[in-house]
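Written out below as structure tokens is the structure these notes cover.
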Amino acid sequence: MVRSRTRNSVLRRLRAVGLLTLLVLVFPASAMAHTPAATVSCTGAQFTWTDFRNGSNTVHWRVTVDGATFQEGTTTFDGRVGGSQSVPFTLNDTHTVQAFSWWAANETSDGNVRPEPGPALASQTLTCPAAAPPATPPGATPPGATPPAAGNIPATQTPASAVAGTEAASATAAVRAQRSCASRTASITVSGRQIRQVTFSVNGHRVRTVRVRSSARRVTVAVPLSRGGAPRQTVTARVTFRNGAAARTLKTRATRCAQGAVSPQFTG
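One rule links them: number in my numbering = place in the sequence shown (from 1) + 2.
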């Protein structure tokens with residue numbers, strides 16, 4: 003009787019071990035890990051990556067503003083400690099900001115994949131502070147103040163009626179590339195306010211400079227891709243503004259079609 007109970011106990015333990023082994027095979031650890039997260043605000047975005055396997059892992063990240071690429075890049079970290087990336091920026095007025103992250107099998111230590119594009123890690127419509135008005139020149143009347151009577155204006159002061167008090171519109175810019183692959187040229191769109199000029203570069207080589215009409219909020223340009231470069235090529239847009247705001251450098255990526263996709267072979 004004792005032997006029978008002992009044998010049954012051993013069999014139950016073996017069955018439990020077998021079930022555990024089967025669960026490990028069906029649901030590997032890599033399928034229950036790899037956790038990206040992000041937060042967004044008017045002053046920047048913050049990414050974190052946890053539960054990656056030990057070793058080198060490279061991930062891609064992207065911040066979009068109103069649906070257009072605003073900033074993007076890559077981050078490499080050791081899976082034992084996880085990774086993080088701060089993306090500082092300043093937004094004015096109301097915008098929808100989203101944060102994305104993805105990676106390929108050859109970029110993680112255990113071959114895990116998160117496809118692009120995937121669901122946003124964070125998505126918020128933010129109401130940010132309005133842009134500060136320009137400084138009032140010496141002797142001018144600040145907006146909303148009552149100018150002094152004409153007979154009381156000091157000799158060194160300019161009459162208020164001679165100064166046009168205006169508030170400069172905020173300068174914004176975002177860039178995005180066409181989603182489909184391109185054979186020779188890729189359509190790159192830059193949108194925003196107060197844009198004066200955009201200089202485009204591909205993989206660090208300047209290719210085009212475009213002046214933007216004062217009334218235009220968007221410009222789309224056909225940018226030539228490098229034939230000998232990698233399939234995914236970096237397009238840089240250097241944006242200058244009409245209202246004196248600091249120039250901005252924006253980046254996006256365009257995909258060059260494989261040769262077989264753009265030059266099919268026909269047989270007679």
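Beta carbons are placed, not taken as given, at the ideal position from N, Cα and C, and that holds for glycine.
| Query | Result |
| --- | --- |
| For a minimum of 3 consecutive residues, which ranges assigned as the beta strand (DSSP E) are wholly contained in the stretch 84-114? | 85-90 and 95-104 |
| Please name the residue or residues paired with residue 237 in a DSSP beta bridge. | 204 and 254 |
| In angstroms with no decimal places, state the Cα-to-Cα distance between residue 190 and residue 253. | 10 Å |
| In terms of residue numbering, what span does the beta strand (DSSP E) encompassing residue 221 cover? | 220-226 |
| Since residue 221 and residue 200 should fall inside the 8 Å C-beta cutoff, what is the C-beta to C-beta distance between them, to a whole number of angstroms? | 7 Å |
| With DSSP collapsed to three states, give me the class of residue 14. | helix |
| Could you give the residue range of the beta strand (DSSP E) that holds residue 62? | 58-67 |
| Considering only C-alpha positions, which residue in the set 230, 111, 211 and 239 is nearest to residue 36? | 111 |
| Out of curiosity, what's the CA-to-CA distance linking residue 59 and residue 245? | 42 Å |
| Please name the residue or residues paired with residue 128 in a DSSP beta bridge. | 97 |
| Please state the DSSP three-state secondary structure of residue 230. | coil |
| Could you check the C-alpha separation between residue 158 and residue 242 for me, to the nearest Å? | Caution applies to residue 158, whose pLDDT of 44 falls short of 50 and renders its modelled position unreliable; the value that the coordinates give is listed next. Approximately 36 Å between the Cα atoms of the pair. |
| With a cut-off of 8 Å, do at least 3 Cβ pairs link the stretch 64-71 to the stretch 172-179? | yes |
| Output the boundary residues of the beta strand (DSSP E) element that contains residue 38. | 37-43 |
| Does the contact criterion of 3 or more C-beta pairs under 8 Å hold for the stretch 223-238 versus the stretch 97-116? | no |
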